[in-house]
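Protein chains in written order, with my numbering: chain R, 1251 to 1630; chain C, 21 to 306; chain G, 47 to 200. Following: one structure in structure tokens, then a few remarks.
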Amino acid sequence: MPSKGTSEPAVLAAEDFDALLDALRDEGYRVVGPTVRDGAIVYAELGAASALPAGWTDEQAPGSYRLERREDGALFGYAVGPHSWKQELLPPRVRLWQTRRQQDGGFVVDEEPPPSEPTAFVGVRPCELAAIAIQDRVFLGGRFQDGDYAARRSDVFLVAVDCGDPSSLCFCTSVAGGPGARDGFDLALTELLDGGHRFLVRAGSPAGAEVLARLPVTATSPRDLDEAAAVVAGAVEQMEGRFDSTDLHDLLLRNLESPQWDAVAERCLTCGNCTLVCPTCFCTHVEDASALDGSTAERTRVWDTCFSVQYAEMHGGNTRPTPRARYRQWLTHKLATWEDQFGSLGCVGCGRCIAWCPVGIDIREEVRSIRAEEEEHAHA
Amino acid sequence: MATSTTEPVAALRGSMTPLPYRVARRRRENHDNWTLELEPVEDAIEPIAPGQFTMLYAFGVGEVPISTSGDIEASGTTLVHTIRAVGAVTKALCAAGPGDVLGVRGPFGNTWPIEAAHARDLVLVGGGVGLPPLRPAIYHALAHRSEFGKLVVLYGGRTPEDLLFRKELERWRGRLDMDVEVSVDSAGSGWNGNVGVVTKLIPAAPFDADDAVAFVVGPEIMMRFTARALIDRGLPPERIWISMERTMRCGVGLCGHCQLGPTLICRDGPVYRWDELESLLGVHEL
Amino acid sequence: MRTLDALIVESPVFEGLDQDQLELIAGCASNTVFAAGERLFREGDQADTFFLLRHGLVALDAYVPNRGQLTVETVGPGEIVGWSWLLPPHRWHFTGRAVELVRAVQFDGACLRKKCDEDPLLGYDLLTRFAQVLVSRLQATRLQLMDVYGDKHD
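This is the structure:
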């Protein structure tokens, strides 16, 4: 239980949650958070706390996601839904520039102005904080930075919520920081349900402290702190032993020709759902389009998936024509070569790819199979 | 767009925005290859170095990565690119004539390690359209001739008609301080030169394997066979460099497309040392 | 002016030949010269000779209907031209043409075949050496066949 706050943690009653949303709006933020829509908990603009998924939880299994009712009215009693915060920070379609022909045959490029829409993300899971940090490294940590991402990122206020109820697919303790928010947030909440529905609130930045100061909070008691710690500890315990990440990088890169890749390729539809829901997948491509009369043109950055057949197309052929190659590319990138490219693992253990895979492929199982196959071979 | 090699360049936007360049000259090299000389309309990109590439934009059609292929020291801000017309974008680029305006982003990628060849023999082996990316290194060596030992150029093409820069090769072949050998995969009558794969030129090429550096460019399989032949001749893998190609969309390391295992070709390449990449190239469909 | 023996033993394909073997082989050898454009052998003819090139380029041509004469490979100094003499049906597979002045050591294949029949150890040794020649020709040809510089690879 962490608290890298710039002020003391405090307690906010559940019925005062609107005060938090109002304070954020007063600060000029557009508020985006979880809400129930189309049978899932998704991220959308929130009008009031009443839009939060109170009393809902998610039952997840490979290839399956269902909402179920909870008895306790918890506002954040679920794990994660199909959306992630990348839809805000790396929107699916972003026009980069427009251009028009000039009289002398030249052309002038009008870049899109950097977006400036301060947004508060409410309900950011610790795995999502980790995912945002991972994407920060991709888009801001290299020689060339992504200006669109940088602008959106600098305008964001993060309200994290600790995880008390991981789904059966969660394994953040094996690959990322665990279900308790440690840093990278402006405010972090832990939802407490015993002895009064309330939230332990702690600030993680000066901006967070400012907002905290405006809330109708009360001081914490030792009981609050203990309960908060128990919430996180309970989540940690639930996820124990779910994924063996020992030697993960080298294990995968040693077994690029494992028969397991053929096995998973027989099931994988290369639909790309996993890449859509994954909070760290960042591949994009650029669309260049022109008006019919050829006088104007524009370039748009759009989400792409390494599962699509066109992904590795070059003049003269395709370097990954088979589903086997494309699945292997995705998994080895996520769990191994991401580290070589960006200095950290690409996976945060949120389990989304497992739930939203139409055929229920479980990456934990895939890694287990590869490890087992290697061991079997070694003893053969 | 000024940038040093270590400071971050701001704005994806800035680096995704092409600068207008006007076609100053257009020269047909063979039936499907053209060389364009481009001059900045206003702002120029940062100086390009041998081995690097730019993303060339055909208005409204798209962009492709093309290596620089001219005499950089003699060109000033003019960019020289030899392009093969194989798809929609390259066909549009090759159709551009003097006065037409294209877009340029760059320079991107790393450079040929020419310093590694100082006081050594420099061997350049090109296959097909692999010769253009080697040309700037050749020009550099010629402009600084005394810094190198022997200068050997080995070039393989499909047929005599497909050879690029034939007149230039013949001129170079006439020089006393340079060795040029050319071979084609097949030939009809009228060709009195070598016929056979370019690797056949390696055993007899006049360089000292103990003290040479090789730059190799061509289709991946040609680079693999060539590296093997060079190693058989005694050149250590750490002194063989190749130039890689993969699907590219952004050129700046942010779109994920050009990955080859742990490396991003637009960012860590396109020039690689053979021993660093050899095992990756051996994995099919990586 | 080097002797035939010296020329033979210096070539890569006959490296390491012992004195007896060298004598046997040299006994079937003679020097020969071809002018530019001259034909060394013709596709389909009886193959009873092979050549060790000392100087110049030899083109191996095939005549393809509709496409005319195609050169499939050129062979240069230090290399062997001809392996058809060793294996039935002992017929040349291509036409050999001197691209420029060619100096070569010509070997009487029929004579050598007889000596191999009498001395199987010599036969085994020669077969091994020529197998090497065939293998590297095969590798090179396969690479040529891949047409790596061609347009589309689907």
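C-beta atoms are modelled at their ideal positions from N, C-alpha and C, and glycine is treated no differently. The model shown is predicted, which means the values in this text are computed figures rather than measured ones.
Cβ-Cβ separation between G1313 (chain R) and P1573 (chain R): approximately 17 Å, too far for a contact (criterion under 8 Å). Of all residues in the region 34-68 of chain C, the ones placed with a Cβ closer than 8 Å to any Cβ belonging to chain R are G34, S35, M36, T37, P38, P40, R42 and V61, in chain order.
For T37 (chain C), the three-state secondary structure derived from DSSP is coil. Residues of the region 249-280 of chain C whose Cβ lies closer than 8 Å to any Cβ of chain R, in chain order: E265, R266, T267, R269, C270, V272, G273, L274, C275, G276, H277 and Q279. CA-CA distance, D1444 (chain R) to S1424 (chain R), rounds to 28 Å. At least one CB of chain C lies nearer than 8 Å to the CB of T1534 (chain R).
Residue-level contact by beta carbon holds for L116 (chain G) and chain C, with a gap shorter than 8 Å. Taking each of C:V143, C:V200 and C:P133 in turn and checking the Cα distance to A234 (chain C), the smallest one comes out for C:V143. Judged by DSSP in its simplified three-state form, F1389 (chain R) adopts helix. Between A225 (chain C) and V215 (chain C), the gap from beta carbon to beta carbon reaches 8 Å or more.
Legend: CB atoms of the region 91-114 of chain C lying less than 9 Å from CB atoms of chain R belong to residues R104, V106, G107, V109 and T110. Distance from the CA atom of A144 (chain G) to the CA atom of H277 (chain C), rounded to whole angstroms, is 50 Å. A direct Cα-Cα distance of roughly 49 Å separates P133 (chain C) from W131 (chain G). Unbroken beta strand (DSSP E) runs of no fewer than 3 residues, entirely contained in the region 131-184 of chain G, are found at 141-144 and 148-154, following chain order.
In the displayed model, L144 (chain C) falls within a strand according to three-state DSSP.
For T120 (chain G), a Cβ of chain C is located within less than 8 Å of the residue's own Cβ. Listed along chain R, the residues sitting closer than 9 Å to R287 (chain C) by beta-carbon distance are G1392, R1393, F1394 and Q1591.
Between D205 (chain C) and V172 (chain C), the C-beta spacing is not below 8 Å. Under a 10 Å Cβ-count criterion, Y1577 (chain R) is classified as buried, with 16 or more other Cβ atoms of the shown protein chains found around its own Cβ. Across the structure, E1318 (chain R) and E1623 (chain R) are spaced so that their CA atoms are roughly 38 Å apart.
Of all residues in the region 188-207 of chain C, only D205, S206 and A207 come within less than 7 Å of chain G when Cβ atoms are compared, listed by chain position.
When DSSP states are grouped into helix, strand and coil, F79 (chain C) belongs to the coil group.
Per the coordinates, the alpha-carbon of P1456 (chain R) lies some 46 Å from the alpha-carbon of S1540 (chain R).
Contiguous beta strand (DSSP E) elements confined to the region 220-295 of chain C occur at 232-237, 260-263 and 291-293, taking only those with 3 or more residues. In this structure, the CA atom of G1278 (chain R) is about 35 Å from the CA atom of V1358 (chain R). When DSSP reads this structure, E1477 (chain R) sits in no beta bridge, so it has no partner. In the DSSP assignment, F1532 (chain R) falls outside any beta strand (DSSP E) and carries neither an H nor an E. Collapsing the DSSP output to three states places G1323 (chain R) in coil. For Y1561 (chain R), the chain C residues whose C-beta falls within less than 8 Å of its own C-beta are T267 and H277, listed in chain order. For a cut-off of 8 Å, the C-beta gap from T1349 (chain R) to E1537 (chain R) is around 14 Å, too long to register as a contact.
With distances taken between CA atoms, R1351 (chain R) lies nearest to R:T1546 out of R:T1546, R:D1612, R:R1570 and R:H1629. For the C-beta of A105 (chain G), the chain C residues within less than 9 Å are, from N- to C-terminus, A207, W211, N212 and V215. Within the region 138-155 of chain C, those residues whose Cβ lies closer than 7 Å to any Cβ of chain G are, in chain order, G147 and G148. Between the C-alpha atoms of D141 (chain C) and A1562 (chain R) there is a straight-line separation of about 37 Å. Proximity of chain G to R186 (chain C) at the Cβ level (cut-off 7 Å) is not reached, the minimal Cβ distance being about 15 Å. Between L99 (chain G) and G124 (chain G), the gap from beta carbon to beta carbon is short of 8 Å.
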